[in-house]
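See structure below.
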Amino acid sequence: MSADEGSRIVRTVWLVTAAGTAVWLALIFLAPWLAGRGSTGAARLVYAVFSPVCHQIPARCFLSHGQPLAVCGRCLGIYAGFAAGLVLYRVVRGFGRPALPSARAFLLVTLPLAVDGLAGVLGLWKSPLGVRAATGFVWGTLLPFFFVGGVSDALAKGKERRAARNLSNRPGKT
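When we follow this note's numbering, the leftmost residue of the sequence shown carries the number 40, and every step to the right adds one.
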């Protein structure tokens with residue numbers, strides 16, 4: 040596969056991911072806006088979309104329009120960090136051949152989130168909402184480097200396999 044094709048795949052994955060992330064973040068803020076305007080049925084639907092991925096405990100959620108966001112502070116941090124990481128991805132990696140971050144980088148950004156979460160579960164401390172959001176944000180910034188790089192690489196390898204299969208299935212080939 041040419042460098043241009045690989046770059047095109049990365050760019051497409053990045054654009055689709057960025058669009059999906061923008062919609063996801065908008066929905067998080069749409070739920071309390073709808074609830075605050077009295078559209079409880081529509082708000083319940085949006086909250087329900089997020090219930091499988093977040094506990095939505097109101098005391099752990101930021102408020103908007105007097106209502107809790109559709110996700111807790113930590114989840115909001117992760118999603119906002121993911122959006123910031125997409126911007127960083129474009130600056131740091133560009134749209135060239137995808138490369139995954141090192142395991143060391145992953146462990147480094149995971150450590151604050153893991154320590155905070157585990158300490159909370161063990162009852163050692165109760166994190167303020169801002170700390171939850173900050174640890175989520177830090178972790179979320181690295182995720183696009185794995186997601187965009189991994190999906191792009193998988194799509195490129197699939198395209199290469201299909202091309203190789205098509206070559207071997209040509210008429211006259213023994």
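Every residue gets a Cβ at the ideal spot worked out from N, C-alpha and C, and that includes glycine.
Note that the C-beta distance between W178 and L157 is not below 8 Å. Contact between C100 and P107 holds: CB atoms are separated by about 4 Å, below the 8 Å threshold. Separation of R83 and L147 (C-alpha to C-alpha, rounded to the nearest whole angstrom) is 37 Å.
Note that the C-beta distance between W72 and H104 is below 8 Å. For L102, the beta-bridge partners assigned by DSSP are P107. For A203, the enclosing alpha helix (DSSP H) starts and ends at 168–207. The alpha-carbon of G159 is positioned some 11 Å away from that of P167.
With fewer than 16 other CB atoms across the displayed protein chains lying within 10 angstroms of its CB, S41 is exposed. Counted as a single uninterrupted DSSP element, the alpha helix (DSSP H) harbouring G59 occupies residues 42–75. Between F176 and A119 a beta carbon distance of about 6 Å is seen, short of the 8 Å cut, so the two are scored as contacting. Considered as a whole, the segment 113–137 harbours no complete run of any beta strand (DSSP E) with no fewer than 3 residues. Its Cα nearest to that of W53, the residue D192 stands out among K198, K196, D192. Annotation: V154 to A98 spans about 21 Å, alpha carbon to alpha carbon. Counting the other CB atoms within 10 Å of its CB gives R204 a total below 16, which places it among the exposed residues.
In the three-state DSSP reduction, V92 falls in the coil class, being neither helix nor strand.
When the Cα atoms are used, A109 and G189 turn out to be separated by approximately 28 Å.
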